[in-house]
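Trainee: Those letters in the sequence shown? Residues 18 to 82, by my numbering.
Ideal placement from N, C-alpha and C gives every residue a C-beta, glycine not left out.
Structure provided below as structure tokens; questions to follow.
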Amino acid sequence: MQCPNCSCKDIGKIGINQYYCWNCFIELSIVNGMLSLHQVEEDGSLTSLDDLFEDQDLSINADAQ
Numbered sequence: 018m019q020c021p022n023c024s025c026k027d028i029g030k031i032g033i034n035q036y037y038c039w040n041c042f043i044e045l046s047i048v049n050g051m052l053s054l055h056q057v058e059e060d061g062s063l064t065s066l067d068d069l070f071e072d073q074d075l076s077i078n079a080d081a082q
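Take a look at the structure:
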């Protein structure tokens, strides 16, 4: 898997269908075959980054997981 934000492959698994990019510090979740990206705020809340990407950038191929 490669981060759609920074293209880094330094991705860690933090839960079922949940990942974390150690390069740009965003949380990635897989929902219905699509990535959902969130920035982790200082207070621990999540801010969606999905509106910054095109749908094809957030699509997951079965072989990419």
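Report yes or no: do the segment 61-68 and the segment 35-42 share at least 3 C-beta pairs separated by less than 8 Å?
Mentor: No, because fewer than three Cβ pairs between the segment 61-68 and the segment 35-42 fall closer than 8 Å, the two stretches do not touch.
Trainee: Do S46 and S53 come within 8 Å of each other at the CB atom, strictly closer than that value?
Mentor: Yes, they are a contact pair.
Trainee: Within the continuous beta strand (DSSP E) that includes Q35, where are the two ends?
Mentor: From DSSP, the beta strand (DSSP E) with Q35 extends over Q35 to C38.
Trainee: Sorted by chain position, which residues of the same chain lie with C-beta nearer than 6 Å to Q19's C-beta, five sequence neighbours on each side aside?
Mentor: These residues qualify, in order along the chain: K26.
Trainee: How far does the alpha helix (DSSP H) with L75 in it extend, from its first residue to its last?
Mentor: That run of the alpha helix (DSSP H) goes D72 to L75.
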